[in-house]
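Colleague: Quick note on the numbering used here: the sequence shown kicks off at 485 and runs consecutively.
Beta carbons: idealized from backbone N, C-alpha and C, even for Gly.
The following block contains the structure, expressed as structure tokens.
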Amino acid sequence: MSYELCKKVCLLEPYEPISGDYKIRLDANESYYNLPDVIKDEIKNIIDNVAFNRYPNPNADRLVQPFADYYGISPFNVTAFNGSDEVLYLIASAMLTKNSKVIVTEPDFSMYAFYSYLSENEIITYRKNDDLNIDVDELISLAKSENTDMIIFSNPCNPTGQGISAEKVRKLINAVNCLVVLDEAYMDFWSESLIKEAAEYDNLIVLKTASKAVGSAAIRLGFAVANNKLTTALKAVKAPYNVNTLSQEIGRCIYSHKDILNSRRQEIIKNTALLYKNIRDIVNNYKLPFKVYETCANFVFLESDRSKEIYEFLLENSVAVRYFRNADALRITTGNEQENKEFLVLFEKFIIENILKRNR
């Protein structure tokens, strides 16, 4: 007899991000800032003093404290994880039972549905409106009619950049009798966070990451913020030593530099706003039937029937952005000022050479 792989995974394919050595990377929503020398020097000292023969602190206490200080919350309501992916999978698998009903929104971060699928949850998809926004009343009605066990969505949304006000999210949380997982990975670029209120609700988990505004994607840090009961449950189901010592200590160092983080965050917000304006101006100037969405995040979402061509043209010129086949859309992460300028030159060049000339 031969072994047969479990049906739910036998047809899955590994995640394959854009590979290759591109001059400009605007595809992964990373920060364009590397760590400054003052932090790098501290990290070198940290590495010299790490006890590599010892297991990490199981609760990442030295990391959680500066993270909590940065956001003005209690460290007792914070759990650290090996990236947001770990906590997403744990919530789907350990906080729910098999065949639990999970509402995901569309479009949104694809891994919500993926981890729910692996955990054998029943996935219910809420389709956003034509402006890619959530109608909270519709979502509440759907949750009640389906007797839902969990709702999960990002705010601001990845990949659209759209956001729901804190007031509307509060309405949702208070109206449903299920767990609400609010992924605020991009909320550092907006002002409608519920992180300071998370401990007040019995059905809310707020997720944060160090991979975006904090500019530390390499060390894989994610956080869950919730009331004491949910926090205790999350700590009970996670692996005992889930965050390695290097990531804990480097993260502790980074979150301790509030002024640097805040200054860079504001610069990213400014560059994103300018990138959005310039893309919109080019589209409007050439009277193109593209749709450019205002953004609350660090990227711009653009719908166009020429998206794939633009994507391939940019790659040929060593600029990587994210292409969404199902939506026929592009997500362009903001780069630094020079990177954005180079992208815009190529974007306009494609329009002139491949749209205007062909239409003449």
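1. For my contact list, Ala-757 and Tyr-670 are in at a C-beta cut-off of 8 Å; report their separation, rounded to the angstrom.
2. If distances are taken between C-alpha atoms only, which option among Tyr-739, Glu-570, Leu-616 and Ile-527 comes closest to Ala-708?
3. Could you check the C-alpha separation between Glu-651 and Val-660 for me, to the nearest Å?
4. Let me confirm a value: Asp-765 is counted as buried when at least 16 other C-beta atoms fall within 10 Å, else exposed. Which label applies?
5. Determine the DSSP secondary structure at Lys-612, reduced to helix, strand or coil.
6. How many whole angstroms separate the CB atoms of Asn-762 and Leu-828, which I take to be in contact at a CB cut-off of 8 Å?
7. Can you check whether the CB of Ile-738 is closer than 9 Å to the CB of Ala-710?
8. Apply the 10 Å Cβ neighbour rule to Val-493 and answer buried if 16 or more other Cβ atoms are within range, or exposed otherwise.
9. Bridge partners for Ala-804 per DSSP, in chain order?
10. Indicate the three-state DSSP secondary structure (helix, strand or coil) for Asp-667 in the structure shown.
11. In the DSSP output, which residue or residues are listed as bridge partners for Arg-815?
12. With Phe-598 as the anchor, note down where its alpha helix (DSSP H) starts and where it stops.
13. By alpha-carbon positions, which one of Pro-501, Asp-505, Asn-518 and Val-522 ends up nearest to Ala-512?
14. Using the three-state DSSP reduction, which class does Phe-774 fall into: helix, strand or coil?
15. For Lys-742, which residues of its own chain have a beta-carbon under 7 Å away from its beta-carbon, when the five flanking residues on both sides are left out?
16. Here's a check: name, in chain order, each residue in its chain whose Cβ is nearer than 7 Å to the Cβ of Lys-559, leaving out the five neighbours to either side.
17. Across which residues does DSSP place Val-690 in a beta bridge pair?
18. What number of angstroms, rounded off, separates the C-alpha of Phe-673 from the C-alpha of Glu-606?
19. Would you mind sorting Leu-574 into buried or exposed? The rule is 16 or more other CB atoms within 10 Å of its CB.
20. Could you name the residues of the same chain whose beta carbon sits closer than 7 Å to that of Tyr-807, not counting the 5 residues immediately before and after it, in chain order?
21. Under three-state DSSP, which class holds Ile-635?
22. With a threshold of 16 other CB atoms inside 10 Å of the CB of Ala-694, please say whether the residue is buried or exposed.
23. Please classify Glu-651: does DSSP put it in a helix, a strand, or coil?
24. Tell me which residue opens and which closes the alpha helix (DSSP H) that Thr-729 is part of.
25. If you measure between the beta carbons of Lys-696 and Glu-826, is that distance less than 9 Å?
26. State the DSSP-derived secondary structure class of Phe-565, mapped to helix, strand or coil.
27. Return helix, strand or coil for Lys-628, following the three-state DSSP convention.
28. Closest by CA to Glu-821, which one among Phe-834, Glu-668, Tyr-760 and Asn-801?
29. State the start and end residues of the unbroken alpha helix (DSSP H) segment that holds Ile-531.
30. Per DSSP, what kind of secondary structure is Thr-779 in: helix, strand or coil?
31. Within its chain, find whatever has a CB closer than 7 Å to the CB of Phe-656; leave out the 5 residues flanking it on each side and keep chain order.
32. Under 9 Å between the Cβ atoms of Leu-691 and Val-653?
33. For a test of the three-state rule: what should DSSP assign to Glu-684, helix, strand or coil?
Modeller: Once the coordinates are examined:
1. The residue labelled residue 757 in the question sits at position 273 within the sequence shown. The residue labelled residue 670 in the question sits at position 186 within the sequence shown. Contact doesn't hold; Cβ gap of about 14 Å is too wide.
2. Here residue 708 corresponds to residue number 224 of the sequence shown, with the count starting at 1. With distances taken between Cα atoms, Ala-708 lies closest to Glu-570.
3. For the purposes of this step, residue 651 is identified with residue 167 of the sequence shown, where counting begins at 1. For the purposes of this step, residue 660 is identified with residue 176 of the sequence shown, where counting begins at 1. For Glu-651 and Val-660, the distance between alpha carbons rounds to 15 Å.
4. As a position in the sequence shown, residue 765 is number 281, starting the count at 1. Asp-765 is exposed by the Cβ-count criterion.
5. Position 128 of the sequence shown, counted from the start, is the residue given in the question as residue 612. Of the three classes helix, strand and coil, the one that applies to Lys-612 here is coil, per DSSP.
6. As a position in the sequence shown, residue 762 is number 278, starting the count at 1. As a position in the sequence shown, residue 828 is number 344, starting the count at 1. The Cβ separation is near 5 Å, so the contact holds.
7. Numbered from 1 along the sequence shown, position 226 holds the residue referred to as residue 710. Numbered from 1 along the sequence shown, position 254 holds the residue referred to as residue 738. Between Ala-710 and Ile-738, the C-beta spacing is not below 9 Å.
8. Within the sequence shown, numbered from 1, the residue matching residue 493 stands at position 9. By the 10 Å Cβ count, Val-493 comes out exposed.
9. Residue 804 sits at position 320 when you count from the first residue of the sequence shown. Per DSSP, Arg-509.
10. Taking the sequence shown and counting its residues from 1, the one referred to as residue 667 is at position 183. It is a strand residue.
11. As a first step, residue 815 is located in the sequence shown; it is residue number 331 there, counting from the start. DSSP lists Phe-785 and Arg-806 as partners of Arg-815.
12. By 1-based counting over the sequence shown, the position of residue 598 is 114. In the DSSP assignment, Phe-598 falls within the unbroken alpha helix (DSSP H) covering 595 to 602.
13. Translated into positions along the sequence shown, residue 512 becomes position 28. The option with the nearest alpha carbon to Ala-512 is Pro-501.
14. In the sequence shown, the residue the question calls residue 774 occupies position 290. If DSSP states are grouped into helix, strand and coil, Phe-774 belongs with coil.
15. Indexing the sequence shown from 1 puts residue 742 at position 258. Once the five neighbours on either side are set aside, the close Cβ partners of Lys-742 are Tyr-554.
16. Locating residue 559 in the sequence shown gives position 75, where the first residue counts as 1. Looking at the sequence itself, residue 559 is Pro, so the reference to Lys does not match. Answer for Pro-559: Val-548, Gln-549 and Ala-552, listed in chain order.
17. Numbered from its first residue, the sequence shown carries residue 690 at position 206. Leu-666 and Val-709.
18. By 1-based counting over the sequence shown, the position of residue 673 is 189. By 1-based counting over the sequence shown, the position of residue 606 is 122. Their backbone Cα atoms lie some 32 Å apart in a straight line.
19. The residue labelled residue 574 in the question sits at position 90 within the sequence shown. So Leu-574 counts as buried.
20. Position 323 of the sequence shown, counted from the first residue, corresponds to residue 807. These residues qualify, in order along the chain: Ser-791, Lys-792, Tyr-795 and Leu-814.
21. In the sequence shown, the residue the question calls residue 635 occupies position 151. DSSP places Ile-635 in strand when its eight states are reduced to three.
22. Within the sequence shown, residue 694 is the residue found at index 210, counting from 1. Only buried fits Ala-694, as 16 or more other CB atoms lie within 10 angstroms of its CB.
23. As a first step, residue 651 is located in the sequence shown; it is residue number 167 there, counting from the start. Helix.
24. In the sequence shown, the residue the question calls residue 729 occupies position 245. Thr-729 -> alpha helix (DSSP H) spans 729 to 739.
25. As a first step, residue 696 must be located in the sequence shown, where it is residue number 212. As a first step, residue 826 must be located in the sequence shown, where it is residue number 342. No. Outside cutoff.
26. Sequence index remark: in the sequence shown, residue 565 carries index 81 (1-based). Note: Phe-565 maps to strand in three-state DSSP.
27. Sequence index remark: in the sequence shown, residue 628 carries index 144 (1-based). In the structure shown, Lys-628 sits in a helix (DSSP, three-state: H, G or I).
28. What you label residue 821 is simply residue 337 of the sequence shown in a count that begins at 1. The option with the nearest alpha carbon to Glu-821 is Tyr-760.
29. Your numbering for residue 531 matches position 47 in the sequence shown. Where Ile-531 is concerned, the enclosing alpha helix (DSSP H) stretches over 521 to 532.
30. The residue given as residue 779 occupies position 295 in the sequence shown. Reduced to three states, the DSSP call for Thr-779 is coil.
31. Within the sequence shown, numbered from 1, the residue matching residue 656 stands at position 172. Reading off the sequence, residue 656 comes out as Leu, not Phe. Excluding residues within five positions, the ones whose Cβ falls inside 7 Å are Val-620, Leu-623, Ile-624 and Val-664.
32. Position 207 of the sequence shown, counting from 1, holds the residue named residue 691. Position 169 of the sequence shown, counting from 1, holds the residue named residue 653. No; because the gap between Cβ atoms is not below 9 Å, this pair is not in contact.
33. On the sequence shown, residue 684 is found 200 positions in, with the first residue counted as 1. Helix.
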